[in-house]
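First comes the structure, then the notes that go with it.
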Amino acid sequence: MTVLIPILGDQLSPAMSSLEGVEPEGAVLLMTEVADETRYVRHHKQKLAYILSAMRHHAAAMRDAGWTVDYVRLDDPDNSGSFTGELARAVARHSPDRIIVTEAGEWRVAAMLDAWQTLFGIPVEIRPDTRFLASHAEFDAWAERRAELTMEWFYREMRRRTGLLMEGDKPAGGRWNFDKDNRKPAHADLLMPRPLSFAPDAITRDVLALVDDRFADHPGSLDGFDWGITATDASAQADRFVAHALADFGPYEDAMLAGERHLWHSILSPYINSGLLDPVDLCRRVEAAWREGRVPLQSAEGYIRQIIGWREYMRGIYWREGPDYVRRNHLGHTRQLPGWYWTGDTDMRCLAQAIGQTLDTAHAHHIQRLMVTGNFALLIGADPAEVHRWYLEVYLDAYEWVELPNTLGMSQFADGGLVGSKPYVSSGAYIDRMSDYCRGCRYDVRQRVGEDACPFNALYWDFIARHEDALRPNRRMAMPYRTWDRQSAANKMATRAQAAAFLERLDASGAPY
Ligand code: FAD
Ligand code: DLZ
Ligand code: SF4
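With the numbering used here, the residue at position 422 of the sequence shown is 432, and numbering never jumps.
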C-alpha cells in the first residue's frame, strides 16, 4: 500500500494538511521542478532561485525526518516539464493506490489537480490548505452575510477566532484598528534596522548557476542573492524583525526613503507564502512581544492586521471571484507598460528607485508597490492584465492568489471597487509627503505643467477628468472632483495637454520587455 503525496513548490512545510495522519512508511513525497511552473510567466531570476533552492532544502529536511522523497530536478533529461506529466511518471514508478495532495494556490494548478483522479484511475484526495484561517466555504459564508465586503469586518472575525490581541471578547486597548496613529513619513537620519543576509550554501550556488544558465531572458539580477531558504533561516529573520523592527513598523508603515529598501518592514512574505513560516505562529510571536512590553500596541496590531486581515481577505476574494477575475477591466484600460518597468531606466526618481530595487532584490514594500509603480500604471491607463503579469513576474512573494487581488483589485481598481472603495491614485504631493524621493528628482513636484513638472501631477488630474463618468458618483471621490471643478477652463486644458504630451512620449519610449 503506497500513498503518493505531491508537495508543490509553495507547500514547503512539514505541517501541510496532505501529511496529516500519514506515516512515513508506505508514503512517497513527490517534489518536481517543472518547466511549466518556471515559465508560465517570466519569473524574476531570484524568485526562481529561491523556489528551487527552498524546494531542494525542504526535500533534504523531510528525508532527515524519515520521509521518502522522490525529487525530480529541472535538469533531469526525462523530466516531462509539467506537474501532471511528472505525476504520471511517478505513478508508473511507485504504483500508488491513492494520492493525497493539499489544494493548489491558484486556479490554473487547481484545474490540473481536479483532473488527476479521472486521468490516473486512482483515488485523489484534495485536502484544504490549513495554513489559512478561513477555508473557502467559511469565507464565502461570511461574504454571503454582507451587503458590502469590507476587510475590516472580516479582520475582526479573525481576531475573535484566533484570540489574537483580544481581552475576552474585546479588542486589546479598546480599539480594533490603530491605523490613525500610524502613517508617518520617516527621516533618513533615523537608525534603520537591517534584515539578516544569508550567504548562499552549496545547494543554492548550484541553483544560481542553473538559473543563470537557463533563464537569462528573465528579468532581474542574481547578484547579491541573500534570501534565506530554510525554515530555520525564515524563523531567524522573523526573530530579527520582532526584536529590532516591529516596534516602529506601525508609525513608518507607509514611509519611503531613497536607498532604504526595507525600512521597518518584515521582509517575510516570501517565507510565509512558500510555507517556511507559519503566519499564525508569527502573529503569536508579535503578540507576545507586545504583551511583554517590548513593542507598542499600534505596531503589533498593524502588523497582525496585515496577516490575518489583508492576507486572508485577499485569498478569500481570489477564490470567491473565480478564474475570470483576471479578465476584469472596469476602467477599460489598454496601454502597454513602458519598457523601463523591466530596467528601471527612467528619470522619475520614485519609479527608478522602486523598480531598481525590485530588479535587484525581487522585493519592494507595500507603498512602493501601491503608490509608486501601481499608482503610475493606473494613471497612465495601463492594461490591468499586463500590470498583473508584471507584479507576478518580479516579486519573490508573488503567487496569483495574493498578487492578483492586490494588483487588479486594490491597485488598479479593475474590479470596479470590490477590494478598494476608490482608486489608489495620487499626484506627486503624496509621494513627496511620504518619501524623500522628490528632493533628488529632476522634476519639480510642485509644478503641474511645463518641462520640469512632475508627471504624476498632470496625469492625476487627467485621470480624474478622463474617468468622470465612472468615478464622480463615488462619494469617496467627491473631494478631487470639487477641486477639479474649481479649476479654470484654461488650467484644465493646459493640464490635459501636458498629460497627453507625456503619454505620447511614453508610448514612443520603447516596447515592453
Ligand atoms: P510587511 O509590510 O512586513 O507586512 C507583513 C506581512 O503582511 C507580509 O509579509 C504579508 O504576508 C502580509 N501582507 C501585508 N500586506 C498585504 C496585502 N495587501 N495582501 C496580502 N498580504 C499582505 N503580497 C504578497 O505576499 N505577494 C504578492 O504577490 C503581492 N503583490 C502585491 C501587489 C501589489 C500591487 C500590492 C499593492 C501589494 C502586493 N502584496 C503582495 C502585498 C504587500 O505589498 C506585500 O505582502 C509586502 O510588501 C511584503 O513585504 P513584507 O513581508 O516586508 O511585508
Ligand atoms: C512558482 C514555482 C516555480 C517557479 N517553480 C516550481 C517548480 O518547479 N515546482 C513546483 O512544484 N512549484 C514551483 N513553483 C510554485 C508553483 O507554481 C505553485 O506551487 C503553484 O502555483 C501552486 O498553485
Ligand atoms: Fe516621483 Fe514626481 Fe517626486 Fe519625481 S517629483 S520623485 S516623478 S513624485
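The beta carbon of each residue, even a glycine, is placed where N, CA and C say it ideally should be.
- Task: Provide the residue span of the beta strand (DSSP E) that contains A157, from first to last.
- Result: Along the sequence shown, read from residue 1 onward, the residue named residue 157 stands at position 147. Counted as a single uninterrupted DSSP element, the stretch harbouring A157 is not any beta strand (DSSP E), since DSSP gives it neither H nor E.
- Per-residue DSSP class, three states only, for T417: Here residue 417 refers to the residue found at position 407 of the sequence shown. Secondary structure of T417 (DSSP, three-state): helix.
- Given N484 as reference, the closest of F423, A463, D454, R458 once Cα atoms are compared: Counted from its first residue, the sequence shown places residue 484 at position 474. The closest CA to that of N484, considering only F423, A463, D454, R458, is found on F423.
- Item | According to DSSP, residues forming a beta bridge with Y81 | Translated into the one-based positions of the sequence shown, residue 81 becomes position 71. Answer is M41, bridged to Y81.
- Task: If I'm right that Q247 touches P205 with Cβ under 8 Å, what's the distance once you round it to whole angstroms?
- Result: Within the sequence shown, the letter at position 237 stands for residue 247. Within the sequence shown, the letter at position 195 stands for residue 205. Under the criterion of beta carbons closer than 8 Å, Q247 and P205 qualify as touching, at roughly 6 Å.
- So who's on the other strand from I109, going by DSSP bridges? Residue mapping note: residue 109 aligns to position 99 of the sequence shown, counting from 1. Note: I109 sits in a beta bridge opposite L14, V134.
- Item | Pocket of the ligand DLZ defined by Cβ to heavy atom distance under 6 Å | Qualifying residues, in the order they occur: L18, G19, D20, T42, E43, V44, E47, T48, H53, L58, I61, A114, G115, E116, V119, Y409.
- Query: Looking at C-alpha atoms only, which residue of V336, D357, L174, R443 is the closest neighbour of W117?
  - Reply: Translated into positions along the sequence shown, residue 117 becomes position 107. Here the closest residue by C-alpha is V336.
- CA-CA distance, H146 and G115? In the sequence shown, the residue the question calls residue 146 occupies position 136. In the sequence shown, the residue the question calls residue 115 occupies position 105. Spanning the two alpha carbons is a distance of roughly 12 Å.
- Message: Using a Cβ distance threshold of 8 Å, determine whether the region 443 to 454 contacts the region 175 to 187, with at least three qualifying pairs required.
- Response: No: the two stretches stay apart, fewer than three of their Cβ pairs being nearer than 8 Å.
- Message: Comparing C-alpha positions only, which one of A196, R224, A364, V38 sits nearest to Y401?
- Response: In the sequence shown, the residue the question calls residue 401 occupies position 391. Nearest option by C-alpha distance: A364.
- Message: Quick check: what's the CA-CA separation for Y50 versus D355?
- Response: As a working mapping, residue 50 is identified with position 40 in the sequence shown. As a working mapping, residue 355 is identified with position 345 in the sequence shown. So the two alpha carbons sit approximately 26 Å from each other.
- Task: With a cut-off of 8 Å on the beta carbons, I'd call S207 and D236 a contact; round off their distance for me.
- Result: Taking the first residue of the sequence shown as 1, we reach residue 207 at position 197. Taking the first residue of the sequence shown as 1, we reach residue 236 at position 226. So it is a contact: roughly 4 Å between Cβ atoms.
- Message: I believe D9 touches R141 by the beta-carbon criterion, under 8 Å. Please report the beta-carbon distance rounded to the nearest angstrom.
- Response: What the structure shows of the chain is the stretch from 11 to 523, and residue 9 is not part of that stretch, so it cannot be assessed.
- Taking only the alpha-carbon atoms, compute the straight-line gap between I239 and K55 and give it to the nearest angstrom. Locating residue 239 in the sequence shown gives position 229, where the first residue counts as 1. Locating residue 55 in the sequence shown gives position 45, where the first residue counts as 1. When the Cα atoms are used, I239 and K55 turn out to be separated by approximately 15 Å.
- Query: Is the CB-CB distance between R452 and D370 below 7 Å?
  - Reply: Your numbering for residue 452 matches position 442 in the sequence shown. Your numbering for residue 370 matches position 360 in the sequence shown. Their beta carbons are not under 7 Å apart, which means R452 does not touch D370 by this criterion.
- As assigned by DSSP and simplified to three states, the class of Y358: For the purposes of this step, residue 358 is taken as the residue at position 348 of the sequence shown. Sequence inspection shows Met at residue 358; the Tyr mentioned does not correspond to that position. M358: coil per DSSP, three-state reduction.
- Which residue or residues does DSSP assign as beta-bridge partners of A392? Here residue 392 is taken as the residue at index 382 of the sequence shown, counted from 1. Residue pairing from DSSP places A392 in a beta bridge opposite R345.
- Message: Checking 7 Å against the spacing of the C-beta atoms, do A265 and P195 come in under that value?
- Response: Here residue 265 refers to the residue found at position 255 of the sequence shown. Here residue 195 refers to the residue found at position 185 of the sequence shown. Taking 7 Å as the cut-off, the Cβ atoms of A265 and P195 count as close.
- Using the rule of at least 16 other Cβ atoms within 10 Å of the residue's Cβ for burial, across every protein chain shown, is A511 buried or exposed? Taking the sequence shown and counting its residues from 1, one reaches residue 511 at position 501. Within 10 angstroms of the beta-carbon of A511 lie fewer than 16 other beta-carbons, which makes it exposed.
- What residue does the alpha helix (DSSP H) around Q308 start on, and which one ends it? Here residue 308 refers to the residue found at position 298 when the sequence shown is read from its first residue. Where Q308 is concerned, the enclosing alpha helix (DSSP H) stretches over 307 to 314.
- Query: The alpha helix (DSSP H) spanning G95 covers which residue range?
  - Reply: To locate residue 95, count along the sequence shown from 1; it is residue 85. G95 -> alpha helix (DSSP H) spans 93 to 104.
- Counting Cβ pairs, one atom from each stretch, are 3 or more of them under 8 Å apart for the region 384 to 398 and the region 331 to 350? Yes, the region 384 to 398 touches the region 331 to 350.
- What residue from Q378, M11, A507 has the CA that sits closest to V32's CA? Stepping through the sequence shown from its first residue, residue 32 is reached at position 22. Comparing C-alpha distances from V32 to each of Q378, M11, A507 shows the shortest one belongs to M11.
- Task: Kindly indicate the opening and closing residues of the alpha helix (DSSP H) around L58.
- Result: For this step, residue 58 is matched to residue 48 along the sequence shown. Taken as a continuous stretch (DSSP letters only), the alpha helix (DSSP H) holding L58 covers 55 to 74.
- Using 8 Å as the Cβ pair cut-off and three pairs as the minimum, do the region 221 to 228 and the region 154 to 163 touch? Between the region 221 to 228 and the region 154 to 163, the count of Cβ pairs shorter than 8 Å is below three; the stretches do not touch.
- Message: Please determine whether the Cβ atom of T94 lies at a distance below 6 Å from any heavy atom of the ligand FAD.
- Response: Taking the sequence shown and counting its residues from 1, the one referred to as residue 94 is at position 84. No, since every heavy atom of the ligand FAD falls outside the 6 Å radius drawn around the Cβ of T94.
- Message: Looking at V252: is its Cβ nearer than 7 Å to the Cβ of A212?
- Response: Position 242 of the sequence shown, counted from the first residue, corresponds to residue 252. Position 202 of the sequence shown, counted from the first residue, corresponds to residue 212. Not a contact, by the Cβ cut-off of 7 Å.
- Item | Supposed close pair S92, V134 - CB separation, criterion 8 Å | What you label residue 92 is simply residue 82 of the sequence shown in a count that begins at 1. What you label residue 134 is simply residue 124 of the sequence shown in a count that begins at 1. Contact flag wrong, Cβ pair sits at about 16 Å.
- Query: Sorry if obvious, but does the Cβ on G173 come closer than 6 Å to a heavy atom of the ligand SF4?
  - Reply: To locate residue 173, count along the sequence shown from 1; it is residue 163. False, no ligand heavy atom lies under 6 Å from that Cβ.
- Message: According to DSSP, is S445 part of a helix, a strand, or is it coil?
- Response: Along the sequence shown, one-based indexing puts residue 445 at 435. S445: strand per DSSP, three-state reduction.
- Query: Taking the DSSP output, what are the residues bridged to M176?
  - Reply: To locate residue 176, count along the sequence shown from 1; it is residue 166. DSSP output for M176 lists P181 as bridge partner(s).
- Task: Tell me whether the beta-carbon of G438 lies closer than 7 Å to the beta-carbon of F473.
- Result: For the purposes of this step, residue 438 is taken as residue 428 along the sequence shown, with counting starting at 1. For the purposes of this step, residue 473 is taken as residue 463 along the sequence shown, with counting starting at 1. At a Cβ-Cβ threshold of 7 Å, G438 and F473 do not count as neighbours.
- By DSSP, does F241 sit in helix, in strand, or in coil? Residue numbering aside, residue 241 sits at position 231 when the sequence shown is read from its first letter. In the sequence as presented, Phe is not what sits at residue 241; that position holds Ala. Helix, per DSSP.
- Item | Reduced DSSP category for A463 - H, G, I as helix; E, B as strand; rest coil | In the sequence shown, residue 463 corresponds to position 453, counting from 1. Residue state for A463 is assigned as strand, using DSSP reduced to three classes.
- Message: So, with DSSP's three-state summary, where would you put L406?
- Response: As a position in the sequence shown, residue 406 is number 396, starting the count at 1. In the displayed model, L406 falls within coil according to three-state DSSP, outside both helix and strand.
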